[in-house]
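Peer 1: Pasting a structure here, questions to come.
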Amino acid sequence: MSRLRRQQRGSGSAAPTRGGSRKGASLREGAPARPHALHLFGDPVEIDALRGRLLAWYDKSRRDLPWRALAATEPDADRRAYAVWVSEIMLQQTQVATVIDYYNRWMQKWPTLQALAAASLEEVNELWAGLGYYSRGKRLQEAARKVVSELAGRMPRTAEDLQRLLPGVGRYTAGAIASISFGQATGVVDGNVIRVLCRLRCIGADTSSPAVIDCLWNMANTLVDRSRPGDFNQALMELGATVCTPKSPLCRECPVKEYCRAWRRVEMELASASQKLFGKTTLVPDVEDCGTGGCPLCPPTAEPWDSSLGVTNFPRKAVKKQPRAERAATCVLERRGRLGAPEYLIVQRPSSGLLAGLWEFPSLPLAPGLQEEQQKEVLADHLRAWTRQPVQTQSLCFVGEVVHIFSHIHQTYVVYSLCLDGDVALDAASSPSRWVTEEEFHASAVSTAMKKVLKARETQRGAQSGRAKVGSAAVCGCPVLYWSPPGLGAALGAPQTGAGRCAWSALSMVPHF
Numbered sequence: 000m001s002r003l004r005r006q007q008r009g010s011g012s013a014a015p016t017r018g019g020s021r022k023g024a025s026l027r028e029g030a031p032a033r034p035h036a037l038h039l040f041g042d043p044v045e046i047d048a049l050r051g052r053l054l055a056w057y058d059k060s061r062r063d064l065p066w067r068a069l070a071a072t073e074p075d076a077d078r079r080a081y082a083v084w085v086s087e088i089m090l091q092q093t094q095v096a097t098v099i100d101y102y103n104r105w106m107q108k109w110p111t112l113q114a115l116a117a118a119s120l121e122e123v124n125e126l127w128a129g130l131g132y133y134s135r136g137k138r139l140q141e142a143a144r145k146v147v148s149e150l151a152g153r154m155p156r157t158a159e160d161l162q163r164l165l166p167g168v169g170r171y172t173a174g175a176i177a178s179i180s181f182g183q184a185t186g187v188v189d190g191n192v193i194r195v196l197c198r199l200r201c202i203g204a205d206t207s208s209p210a211v212i213d214c215l216w217n218m219a220n221t222l223v224d225r226s227r228p229g230d231f232n233q234a235l236m237e238l239g240a241t242v243c244t245p246k247s248p249l250c251r252e253c254p255v256k257e258y259c260r261a262w263r264r265v266e267m268e269l270a271s272a273s274q275k276l277f278g279k280t281t282l283v284p285d286v287e288d289c290g291t292g293g294c295p296l297c298p299p300t301a302e303p304w305d306s307s308l309g310v311t312n313f314p315r316k317a318v319k320k321q322p323r324a325e326r327a328a329t330c331v332l333e334r335r336g337r338l339g340a341p342e343y344l345i346v347q348r349p350s351s352g353l354l355a356g357l358w359e360f361p362s363l364p365l366a367p368g369l370q371e372e373q374q375k376e377v378l379a380d381h382l383r384a385w386t387r388q389p390v391q392t393q394s395l396c397f398v399g400e401v402v403h404i405f406s407h408i409h410q411t412y413v414v415y416s417l418c419l420d421g422d423v424a425l426d427a428a429s430s431p432s433r434w435v436t437e438e439e440f441h442a443s444a445v446s447t448a449m450k451k452v453l454k455a456r457e458t459q460r461g462a463q464s465g466r467a468k469v470g471s472a473a474v475c476g477c478p479v480l481y482w483s484p485p486g487l488g489a490a491l492g493a494p495q496t497g498a499g500r501c502a503w504s505a506l507s508m509v510p511h512f
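One point on numbering: in numbering that gives the first Met the number 0, the residue at position 417 of the sequence shown is 416, and numbering is uninterrupted.
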């Protein structure tokens, strides 16, 4: 077995460009070894051929995406750059299929930098709601305002200036804007590009390490086509998204497989196995030997090549940090609106931190180990800040638990509901708060997690409404915070209602919510 077969090992799919500091065996103490030519692109003929193959494939196979169409047809360079910028920010950690609708609505509402700069943060959050990673929208607007107020509405023209002058614009986003919008011959490196490059050159070292990232950026800058940099970068990303995928890659459909050393290794192993099967002894050419000890781009020797994985041995899969578990008590606080439909109390989160500035049902973190009655007690105390009236724990109706996974938090919402009687005045000294209808709730800047909470409450209400009978407790199934006016139930043809009973339940066609 060649030295490469002993050294060149790795497994898994694309690792993030940022992450932990765990180092592979190749990154040892002392002066770092230089990467072997095996892992690099040094042949101009090969580079030109790869560019041609990739661009020809992209011209034929690229997906029809709205930001690509706008970038290709918009004559105004600043609006072209703005359109690319919006798409790149939205596409961070978000699938293309999800982004398309958000992008179209965004560009329709704010077609220019000036329009976005004039918008309120509340408007931005409302449109961004459901897309996740909400600070992205805030930073995008902050940077747009800087371009308008400090740069006379003119976008920086180079990747270096874009990254230096615009808050929230990192190396990748700057490279994408500069190459696609302004034709700067600069590379890009994202998760898709990392995967493609690592397979093309059998790079199995930790792709979260700064040294490996620098090598990948140098490689991207070497490969980028000088005459069509934007198309080349998009082609490289498109290849990773549609062909060179994390799992089950379509290697036989890959336009650049002839230049892929991971593919070559798989083919050589298959050829060798085939000859052994038929008892042939013809020597199959071995994979090129790296030939250096401590190569900074080789996989660690502790992670052997797995023939069953093929090219998906590269890049090495990063060890993900498990999200921390948190619990919060949440109350869907309801009252009957003027037209009989339910209204919900929502409050605004702080302007910094997780879900900054978004609206939610009244919620608070729960300390570990609290029993149900203790959870209800702390939630009841919390609700008094808005209702300005006592809230009894027995008035809180348990809805269920709603789980939502953020990037770094496994969040469990312990959901209760509470129905209030009449017009409840809100405490102006508390956090910003307002009553909203269901339609207004969905149009507000609320997170996907809160939409799940409301869905759980509506599911409970539907189940309880089906069991409710005229003259029984409230159709909503919840205790209510009032005594019914004397005689009202009898006047409506129902038994006299008492504490915690809902006079509205006498009207089967007008249920209490």
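Beta carbons are placed, not taken as given, at the ideal position from N, Cα and C, and that holds for glycine.
Buried or exposed: Asn-124, going by 16 or more other Cβ atoms within 10 Å of its Cβ?
Peer 2: Asn-124 should be labelled buried.
Peer 1: How many Å lie between Tyr-101 and Pro-303 at the Cα?
Peer 2: 43 Å
Peer 1: Please name the residue, chosen from Trp-66, Gln-92, Glu-141 and Thr-93, that lies closest to Arg-104 on a Cα-to-Cα basis.
Peer 2: Trp-66
Peer 1: In this structure, does DSSP put Val-401 in helix, strand or coil?
Peer 2: DSSP places Val-401 in strand when its eight states are reduced to three.
Peer 1: For Pro-513 and Leu-53, what's the separation of their Cα atoms in angstroms?
Peer 2: No answer is possible for residue 513: it lies beyond the span of the chain, which begins at 0 and ends at 512.
Peer 1: Can Ala-455 and Val-390 be called in contact, C-beta distance under 9 Å?
Peer 2: no
Peer 1: So, Val-331 versus Leu-453, is the Cβ gap smaller than 9 Å?
Peer 2: yes
Peer 1: Let me know if Asp-58 comes out buried or exposed under the rule of 16 or more other beta-carbons within 10 Å of its beta-carbon.
Peer 2: exposed
Peer 1: If you count every other CB in all the chains shown that lies within 10 Å of the CB of Glu-513, and 16 or more means buried, which is it?
Peer 2: Since the displayed the chain opens at 0 and closes at 512, residue 513 lies outside it and no answer follows.
Peer 1: Exposed or buried, what is Arg-251 when buried is set at 16 or more other beta-carbons lying within 10 Å of its beta-carbon?
Peer 2: exposed
Peer 1: In whole angstroms, what separates the C-alpha of Arg-335 from that of Glu-457?
Peer 2: When only Cα atoms are considered, Arg-335 and Glu-457 end up about 15 Å apart.
Peer 1: On the premise that Gly-203 lies in contact with Pro-34, defined as a C-beta separation below 8 Å, what is that separation, rounded to the nearest angstrom?
Peer 2: Between Gly-203 and Pro-34 the Cβ distance is about 12 Å, and since that is not below 8 Å, they are no contact.
Peer 1: Please determine if the stretch 168-178 and the stretch 146-160 are in contact, where contact requires at least 3 C-beta pairs separated by less than 8 Å.
Peer 2: yes
Peer 1: Which word fits Leu-338, buried or exposed, when buried means at least 16 other C-beta atoms lie within 10 angstroms of its C-beta?
Peer 2: exposed
Peer 1: If Leu-215 sits next to Leu-238, beta carbons under 8 Å apart, how far is it from one beta carbon to the other, in whole angstroms?
Peer 2: Going by Cβ atoms, the distance from Leu-215 to Leu-238 rounds to 15 Å, so no, they are not a contact pair.
Peer 1: Leaving aside the five residues before and after Gly-486 along the sequence, list all residues of the same chain whose C-beta is less than 7 Å from its C-beta, in chain order.
Peer 2: Per-residue confidence for Gly-486 stands at a pLDDT of 41, beneath the threshold of 50, marking its modelled position as unreliable; no derived number is given.
Peer 1: Between which two residues does the beta strand (DSSP E) holding Glu-302 run?
Peer 2: Careful: Glu-302 lies outside any beta strand (DSSP E) and carries neither H nor E.
Peer 1: Assuming Glu-342 is part of the beta strand (DSSP E), what are its boundary residues?
Peer 2: 341-347
Peer 1: Between Leu-385 and Ala-328, what straight-line distance do the alpha-carbon atoms span, to the nearest angstrom?
Peer 2: With the sequence shown as reference, residue 385 is identified as Trp, and Leu is not the correct amino acid for it. The alpha-carbon atoms of Trp-385 and Ala-328 are separated by roughly 16 Å.
Peer 1: What residue does the alpha helix (DSSP H) around Ser-148 start on, and which one ends it?
Peer 2: 134-149
Peer 1: Could you give the DSSP three-state label for His-409: helix, strand or coil?
Peer 2: When DSSP states are grouped into helix, strand and coil, His-409 belongs to the strand group.
Peer 1: Let me know if Val-192 comes out buried or exposed under the rule of 16 or more other beta-carbons within 10 Å of its beta-carbon.
Peer 2: buried
Peer 1: Would the beta-carbon of Ala-143 fall within 9 Å of that of Leu-112?
Peer 2: Yes, the Cβ-Cβ distance between Ala-143 and Leu-112 is below 9 Å.
Peer 1: Specify whether the stretch 368-386 and the stretch 122-141 touch according to this definition: at least 3 beta carbon pairs, one from each stretch, less than 8 Å apart.
Peer 2: no
Peer 1: Express the C-alpha separation of Leu-296 and Asp-224 in angstroms, rounding to a whole number.
Peer 2: 24 Å
Peer 1: At what residues does the alpha helix (DSSP H) containing Glu-121 begin and finish?
Peer 2: 120-127
Peer 1: Going by beta carbon distance, what residues of the same chain come within less than 6 Å of Gly-167, once the five residues before and after it are set aside?
Peer 2: Arg-138 and Ala-142
Peer 1: Taking the straight line between their C-alpha atoms, what separation do you get for Gln-91 and Ser-207?
Peer 2: 17 Å
Peer 1: In the structure shown, what three-state DSSP assignment does Leu-65 receive?
Peer 2: One detail in the question is off: residue 65 reads as Pro in this sequence, not Leu. Helix, per DSSP.
Peer 1: Give the straight-line distance between the Cα atoms of Asp-205 and Val-445, rounded to the nearest whole angstrom.
Peer 2: 38 Å
Peer 1: Is it the case that the Cβ atoms of Glu-333 and Cys-418 are separated by a distance below 9 Å?
Peer 2: yes
Peer 1: Measure the beta-carbon distance from Phe-40 to Leu-222 and round it to whole angstroms, keeping in mind my assumption that it falls under 8 Å.
Peer 2: Contact between Phe-40 and Leu-222 holds, with the beta-carbon distance rounding to 6 Å and staying under 8 Å.
Peer 1: Quick one: what does DSSP say Val-255 is sitting in, helix, strand or coil?
Peer 2: coil
Peer 1: Report back the beta-carbon spacing between Leu-49 and Val-255 to the nearest angstrom; my notes put them in contact at under 8 Å.
Peer 2: 5 Å
Peer 1: Less than 6 Å between C-beta atoms, sequence neighbours within five positions excluded: which residues of the same chain meet that for Ala-448?
Peer 2: Excluding sequence positions up to five before and after Ala-448, its CB lies within less than 6 Å of the CB of His-403, all in the same chain and listed in chain order.
Peer 1: Out of curiosity, what's the CA-to-CA distance linking Leu-37 and Ser-60?
Peer 2: 30 Å
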